[in-house]
Amino acid sequence: MLFSLKYLGMTLVEQPKGEELSAAAVKRIVATAKASGKKLQKVTLKVTPRGIILTDSITNQLIENVSIYRISYCTADKMHGKVFAYIAQSQHNENLECHAFLCTKRKMAQAVTLTVAQAFKVAFEFWQVSKEEKEKREKASQEGGDVLGGGRLDSTPLSKNPVATGNLLDLEEMTKAPLSTVSANTTNADEAPRPQALNNSGVVWELDDGLDEAFSRLAQSRTNPQVLDTGLTAQDIHYAQCLSPVDWDQPDTSSAEQDDLFSF
Numbered sequence: 729m730l731f732s733l734k735y736l737g738m739t740l741v742e743q744p745k746g747e748e749l750s751a752a753a754v755k756r757i758v759a760t761a762k763a764s765g766k767k768l769q770k771v772t773l774k775v776t777p778r779g780i781i782l783t784d785s786i787t788n789q790l791i792e793n794v795s796i797y798r799i800s801y802c803t804a805d806k807m808h809g810k811v812f813a814y815i816a817q818s819q820h821n822e823n824l825e826c827h828a829f830l831c832t833k834r835k836m837a838q839a840v841t842l843t844v845a846q847a848f849k850v851a852f853e854f855w856q857v858s859k860e861e862k863e864k865r866e867k868a869s870q871e872g873g874d875v876l877g878g879g880r881l882d883s884t885p886l887s888k889n890p891v892a893t894g895n896l897l898d899l900e901e902m903t904k905a906p907l908s909t910v911s912a913n914t915t916n917a918d919e920a921p922r923p924q925a926l927n928n929s930g931v932v933w934e935l936d937d938g939l940d941e942a943f944s945r946l947a948q949s950r951t952n953p954q955v956l957d958t959g960l961t962a963q964d965i966h967y968a969q970c971l972s973p974v975d976w977d978q979p980d981t982s983s984a985e986q987d988d989l990f991s992f
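First residue of the sequence shown? That's 729 in our numbering, and the numbers climb one at a time after it.
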């Protein structure tokens, strides 16, 4: 699913998740964006079970490609209601980064948050199924070897369990998300701006290589590893789930929101 947003910027954080941590990071990002006085970059944010793909809305050039297992937290900010933010581990080093985006309204920020959480859940469940199928095949292969080794011969070859050939690309239609806009106007070393675009031909999905190890760690360390932590309340989730994509862009009638860029 695609979302049209505006990129506010990025800052480093010390922990992978937390509402207060995220709120403080968003506060820094918003302050930096306001101080820069620059126009925010319009971006398209695509969410799939593979991760988040961020592209420039005008040039359609790739800005960032974040594997789903690198994302540890996402939320619709409480203080700045129209801001969606996520925390992820950098693909270049071990740094944890908080990225923030300005949405047209809080409803959209909540919708993006839920979509990312859903994509994470789909990816984790796909990994679980693949892992179980692999274990079944290995067990069947081992048992077949034991039978042959024991001298039992059968003219009928051992039957093989059907192997799942699907991949995460097949599941993209299950999680369609909105677009977002991004702007990296930063001055501090820990808020360094990102390259405006990367060569699309150079994109290498790292999900397949790191998926098993990353999700295995989650399965061991968390009670509900398939659930991505968000800052949404049960009421927020219920409300956002009742919305259609049309509702995300419609102006709120209950509040006199201004069109000013930073009227959060």
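All C-beta atoms in this analysis are idealised placements derived from N, C-alpha and C, irrespective of residue type, glycine included.
Query raised in the report: Is glutamate 748 helix, strand or coil when you go by DSSP?
Result: helix
Query raised in the report: Between threonine 867 and asparagine 788, what straight-line distance do the alpha-carbon atoms span, to the nearest angstrom?
Result: What sits at residue 867 in the sequence shown is lysine, not threonine. Answer to the nearest angstrom: the Cα atoms are 47 Å apart.
Query raised in the report: For the beta strand (DSSP E) that serine 789 lies in, which residues bound it at each end?
Result: According to the sequence displayed, residue 789 carries glutamine and not serine. From DSSP, glutamine 789 is part of no beta strand (DSSP E); its letter is neither H nor E.
Query - isoleucine 786 versus lysine 849: straight-line alpha-carbon distance, rounded - result: 31 Å
Query raised in the report: When the distance is taken between beta carbons, is histidine 827 closer than 9 Å to methionine 738?
Result: yes
Query raised in the report: Excluding sequence positions up to five away, which residues of its chain have a Cβ less than 7 Å from the Cβ of arginine 834?
Result: Ala804, Gly809, Lys810
Query raised in the report: Using a Cβ-Cβ cut-off of 7 Å (strictly less than) and excluding sequence neighbours within five positions of threonine 783, which residues of its own chain qualify?
Result: Val771, Thr772, Gln789, Leu790, Ile791
Requested in this report: Return yes when the Cβ of cysteine 831 is within less than 9 Å of the Cβ of aspartate 957, no when it is not.
Outcome: no
Report task. Identify every run of the beta strand (DSSP E) within the segment 797 to 822, keeping only runs that are complete inside it and at least 3 residues long; order them along the chain. Result -> 799 to 804, 811 to 817
Query raised in the report: Taking the alpha-carbon positions, what's the isoleucine 815 to glutamate 863 distance?
Result: 32 Å
**Report entry** Three-state secondary structure (DSSP) of leucine 842
**Finding:** helix
Query - Under 9 Å between C-beta atoms of leucine 824 and glutamine 743 - result: yes
Requested in this report: Kindly identify the DSSP beta-bridge partner or partners of cysteine 826.
Outcome: Thr739, Ile815
Query - Residues bridged to aspartate 957 [DSSP beta-bridge criterion] - result: According to DSSP, aspartate 957 bridges with nothing at all.
Query - Inter-residue Cα distance where the pair is phenylalanine 812 and lysine 774 - result: 14 Å
Report task. Report yes if the CB atom of isoleucine 799 is closer than 9 Å to the CB atom of valine 844, and no otherwise. Result -> yes
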